[in-house]
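Numbering (the working numbering), first residue to last: 55 to 1044. Taking it in order: structure first as structure tokens, then the write-up.
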Amino acid sequence: MWKLKLLILSIISLSVGSIPTNENIKLSQYAANEQLSYRLPNNTVPISYDITIETKIHENNPEFTGNVKIHVKIVEPTDSITLHSSHLEIDRIDVHLSNGIPLIIDADFDQIVSHDFLIIKLPRTYNESTELILDISYLGHLRDDNTGFYRSSYFQNDTIKWYAATQFQMIDARQALPCFDEPGFRASMKLSIRHGSELKAISNTEAVESIPDGSYVTTKFAETPAMPTYLLAFVVADYEYVSANVTTIPQKFYATPDKIHDGELDYAASVAGWIYDTFESLFATRYPITKLDHVVITFMRKFAMENFGLITYDEYAVAVDSTMPDFIIELRKQAAFLSISNTISKQWFGNTVSPKWWAYVWLSEGFGKFFEAYVQDLYYEDKSSTDKYFRGITRLAFMYDSWDVMTMNRYVEHPSELWTNLYTDSKSACILRMFMEVMTDNVFMKGLNYYLTDNYMQSVTPAELHKSLQRAYDEANPGNLLNIDAIMSTWEDQAGYPIISVSVSGSNLIISQKKHSNFQITDQGDTFSVPLTFATKSYPIFTTGTKTWLPFRSLTLPQASLGFAPGDWIILNINQVGYYRVDYDKTLWHAIFDQLHENHTLISPINREVLQDEFRFAWEELKHVNGGDALSLVSYLGNESSAAVWNRADLNLNNLRANLFGTNAYAEFLKKLYHITKPHLNRLGYDSRSNDTVNDADLRQITMIWNCLAVDGECVARDMMKLLLLFRSGIGNDNFNGCNAMRILDPTTYQEILHAVMNDPNLNYPNFYVENLGCSMMAENLQKLLDVVLDKNNGLEVYIKVAFLLTMTHTNNIGLEMALDFVDEHYLDVIDVITYNRNWVIELLAYAVKEKEMVEQFENLMRKLLAEGFIDSNDQRNYQNIIDQNQMWMDENYYDIQVYFGLEEPTTTVPTTTTVSTTTTPTTTTPTTTTEPTTTTEPTTTTTTTPPTATPTTSPQPEPTTTPGSGSLIVLSVSLMFGCLLMHLVTILK
55 MWKLKLLILS IISLSVGSIP TNENIKLSQY AANEQLSYRL PNNTVPISYD ITIETKIHEN
115 NPEFTGNVKI HVKIVEPTDS ITLHSSHLEI DRIDVHLSNG IPLIIDADFD QIVSHDFLII
175 KLPRTYNEST ELILDISYLG HLRDDNTGFY RSSYFQNDTI KWYAATQFQM IDARQALPCF
235 DEPGFRASMK LSIRHGSELK AISNTEAVES IPDGSYVTTK FAETPAMPTY LLAFVVADYE
295 YVSANVTTIP QKFYATPDKI HDGELDYAAS VAGWIYDTFE SLFATRYPIT KLDHVVITFM
355 RKFAMENFGL ITYDEYAVAV DSTMPDFIIE LRKQAAFLSI SNTISKQWFG NTVSPKWWAY
415 VWLSEGFGKF FEAYVQDLYY EDKSSTDKYF RGITRLAFMY DSWDVMTMNR YVEHPSELWT
475 NLYTDSKSAC ILRMFMEVMT DNVFMKGLNY YLTDNYMQSV TPAELHKSLQ RAYDEANPGN
535 LLNIDAIMST WEDQAGYPII SVSVSGSNLI ISQKKHSNFQ ITDQGDTFSV PLTFATKSYP
595 IFTTGTKTWL PFRSLTLPQA SLGFAPGDWI ILNINQVGYY RVDYDKTLWH AIFDQLHENH
655 TLISPINREV LQDEFRFAWE ELKHVNGGDA LSLVSYLGNE SSAAVWNRAD LNLNNLRANL
715 FGTNAYAEFL KKLYHITKPH LNRLGYDSRS NDTVNDADLR QITMIWNCLA VDGECVARDM
775 MKLLLLFRSG IGNDNFNGCN AMRILDPTTY QEILHAVMND PNLNYPNFYV ENLGCSMMAE
835 NLQKLLDVVL DKNNGLEVYI KVAFLLTMTH TNNIGLEMAL DFVDEHYLDV IDVITYNRNW
895 VIELLAYAVK EKEMVEQFEN LMRKLLAEGF IDSNDQRNYQ NIIDQNQMWM DENYYDIQVY
955 FGLEEPTTTV PTTTTVSTTT TPTTTTPTTT TEPTTTTEPT TTTTTTPPTA TPTTSPQPEP
1015 TTTPGSGSLI VLSVSLMFGC LLMHLVTILK
């Protein structure tokens, strides 16, 4: 009963109706001064277009000529007609009455170039219902920027082939013909194109006639249904096609001859029929055109465009090259499926029913994004793929919502602003999914059917969608008080997204909301009406049906009413169906940690994955948890077999890794990595297997990265053997982790590689060795490297020495300490190295030093460099800011991390490391597994069997890894430095 009362209260608070559209407000504001508006005056509307265009693209002549006869109807008394024209030279305008009688021959007209207005003057004021024919002849030029009516090309047998195509969304139809270029105006269109006879012309509808004319041919097309001008499309090209199979209407995929012959469109053709038929059955609404063509363009600005009956794609969107590796082919197929699903769904949502103005473009783009995922679930019969997809776009939507203040409904007029509304597609897809879960799939789809049938071939606002969904919901739930219009408007008309906080207070749970928008979190302004789902330890049922609503700023609810017992955990937003984040208080986080350690499978895999995201948000932005809590969260991962969860935990592990590097807790952190990765690799092995599932393959890959970082001997030895084989025999390539390979490499081999880098011009992959030599964890090796940096007479380029120091500085604590001591002692001798390219080495040291003595040493170094004039006061201030940011993180996190690891007394210095090496004489070429790292900070003995040419030695403590790059040495050095800086910047400055 309490839930019913709560629901009634929420409905009463929301039953104020939808917010008035901004469109009407804007138009009334501009009524007194129309020159300020980019909108047409709306005193006339188009009924039909009869278009004739001649192009000479086959000669690469960018000029084209055109004529358009527009049948218009006057709806308000007027003495002029305003429409759009851009980059067109108007030759002549005649005006006829609708019965064909001439009214004006060679009419006067004005053009307002800034607004793309073409204003035709009438001889007098005409009243509403008057119908006229505008006969306009003009000259245009094909554009080169892939917008409007443009030209492009491809190569065939070393010959350049030119073709012409269109991309009219949002306001570029006016570049091909004078027209009413707004989405709210719908009119039928007849098109004729005169073109070179060796080319084909394709448009929205079927070609009904082809008239030869010497070296030219005129292709005439059937009349389109009434549609906005931005959906008009035509292509003139020497293209071939492959037909889609098993489809209820003809579908063809057009592309360059080589792509057709190579079968790159075969996959697209194999799935397009199923996708179309599924949507036609699902929507139960007639598709108004007799065919559906797909044209692959060599390059598009929009990736894909859903023109009515003639979808265009960038070739990367749908082409699948069968010569690529299998995993790339699979990724390309998935991308093609999504692109085709998106654009075919828009034949209904966006074309059959169109947004009335660009403020509501989500009624097309959002539905396209929603249905590309929805139909994927039906095709693969695997809802997990859809859940995974939506988790991805939810994160993307959160990111966009954090960056900007855009709302789903956002009125804009200026051409430069129109495109920005397209970025709400991910958010609006998430909102649609959320309300489908609220209403249930069947009721939601029934509402969409009402929406399509009630507004068939019309332009609408969101109010029409709300009305149709309300109708379906009311039929399924008689007597309900849910106000769909009011509730959905809170999501459509507000920027940002809600953060739902839940906390324990005595015998109650307090659930409240704040808004996250434009990098700010606020509890001011309007609230969202949030459908809440949850599970508790006492009732661990992870189903997504809405259990209650949060329409207010805050609710206090008895724990028992939510199925919550004292000491329980609670998980909100089951399977992250709701478009909101959850902020748990510390009591609840600790209860969740306990459950993960006790039996993590009681929490659904999706919510275990989402918990990693929610924790990171609470840690980095809300500051409600700290590094000690982070260790409590990730420490259960030794039992976590979901690769998806590991992939999200990766971000929290990286945060710990980046901030603990250079501290005394780093060795303990690496031991933790060993404990949570080794069980998985014991089960999965280090090499792929024929019976691997996708999850197992992904899990092996990510756990190996962290396992090698912890310097598990079996993991490291695999890369070391590859390095030795490459260096000794030239067999293999640099496609392995060279940093791992260098960590415990013996001094003799290390010296040989260093000597070869300096002296052997025929050395393969020299850049690979340069960027990884600094990864060694042996003081003897690193000292050799520092001697090379110090030597001014060895002829080594400065940027190579920089790469050596950069790698030392950010890959292990030993290298960091030695690099800092080296720079501090020899800065006068190596000033060209440490100040290279705006002080890379110095800046990276600033990011790396954390412990008190190292910080003091670095700050003293800054003072010496400043006194010598090697850096200026701005540099010093920047480096100090970095150190201060590091210290802030330490102040917030380090004490609890020390407590977690049992380091009871905070330490202030990094202990001096003594290198202890153990040499093992190899007996086989198969590496053996090392023992688990010890719990002390002293070096552990790593026994690894390797080829006779090199004997690995033991490092003092396990340290981080670096992935090799490619390209020139300077590019590698740059990428190395910025890779590390990025990791620190993301963590510290976010």
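Even glycine gets a Cβ: it sits at the ideal position worked out from N, Cα and C. None of the values given here were measured: they were computed from a predicted structure.
Is it buried or exposed, residue i, if we count other Cβ atoms within 10 angstroms and call 16 or more buried?
i	result
Ala322	buried
His348	buried
Asp164	exposed
Glu663	buried
Thr98	buried
Gly621	exposed
Met453	exposed
Ala338	exposed
Thr984	For Thr984, the predicted model reports a pLDDT of 39, less than 50, meaning its position is unreliable and no value from the coordinates is stated.
Ser335	exposed
Gly956	exposed
Gly716	buried
Asn661	buried
Met942	exposed
Thr990	A caution first: Thr990 carries a pLDDT of 33, below 50, which makes its placement in the model unreliable, though a value can still be read off. Exposed: under 16 other Cβ atoms inside 10 Å.
His651	exposed
Met378	exposed
Pro516	buried
Thr1054	Residue 1054 is absent from the structure shown; the chain starts at 55 and stops at 1044.
Arg670	buried
Please state if the CB of residue j and the CB of residue i are separated by a distance shorter than 8 Å.
i	j	result
Cys769	Tyr804	no
Ser206	Leu364	no
Ile343	Pro304	no
Cys829	Arg782	no
Met354	Asp375	no
Lys838	Leu808	yes
Ser583	Ile541	yes
Val558	Leu642	yes
Glu277	Met243	yes
Lys215	Asp331	no
Could one say the Cβ of residue i lies closer than 8 Å to chain D's Cβ atoms, at least one of them?
i	result
Arg782	Protein chains in the displayed structure number just one, and chain D is not present.
Rounded to the nearest angstrom, how far is the Cβ of residue i from that of residue j, given a contact under 8 Å?
i	j	result
Ala483	Gly550	At roughly 17 Å, the Cβ-Cβ gap does not stay under 8 Å, so Ala483 and Gly550 are not in contact.
Met862	Leu836	6 Å
Tyr443	Thr352	In fact, because the Cβ distance is near 28 Å, the residues do not count as touching under 8 Å.
Leu151	Pro232	Rounded, the Cβ-Cβ distance is 19 Å, inconsistent with contact.
Looking at the secondary structure, which residues open and close the beta strand (DSSP E) in which residue i lies?
i	result
Tyr295	294–297
His570	562–571
Trp216	213–221
Phe203	202–210
With residue i as the anchor, note down where its alpha helix (DSSP H) starts and where it stops.
i	result
Gln755	748–763
Phe421	416–434
Pro516	516–530
Arg726	It should be noted that the sequence gives Lys, not Arg, for residue 726. From DSSP, the alpha helix (DSSP H) with Lys726 extends over 720–738.
Val842	833–844
Thr863	852–865
Ala900	890–902
Ser470	469–472
Ala697	697–714
Is the closest heavy atom of the ligand NAP to the C-beta of residue i under 7 Å?
i	result
Asp845	The ligand content of the structure shown is nil, which means the ligand NAP is not present either.
Handout entry: Cβ contact check for the stretch 623–640 and the stretch 593–606: 3 or more pairs under 8 Å
Key = yes
Handout entry: Three-pair Cβ contact test at 8 Å for the stretch 309–322 versus the stretch 492–512
Key = no
Exercise for the section: Would you check if the stretch 99–108 and the stretch 123–131 touch, i.e. whether three or more CB-CB distances between them fall below 8 Å? Expected result: yes
Problem - Any 3 or more C-beta pairs closer than 8 Å across the stretch 887–901 and the stretch 930–943 - result: Between the stretch 887–901 and the stretch 930–943, the count of C-beta pairs closer than 8 Å reaches three or more; the two stretches touch.
Practice task
Decide if the stretch 676–683 is in contact with the stretch 723–735; the criterion is three or more beta carbon pairs, one per stretch, under 8 Å apart.
Solution key: no
Exercise for the section: Could you tell me whether the stretch 466–484 touches the stretch 400–417, where touching means 3 or more Cβ pairs closer than 8 Å? Expected result: Contact between the stretch 466–484 and the stretch 400–417 is present, because at least three Cβ pairs lie under 8 Å.
Exercise for the section: Kindly confirm or deny that the stretch 399–409 and the stretch 457–474 touch, where touching means at least three C-beta pairs closer than 8 Å. Expected result: no
Handout entry: Validate contact between the stretch 423–437 and the stretch 520–529 using beta carbons, cut 8 Å, 3 pairs
Key = no
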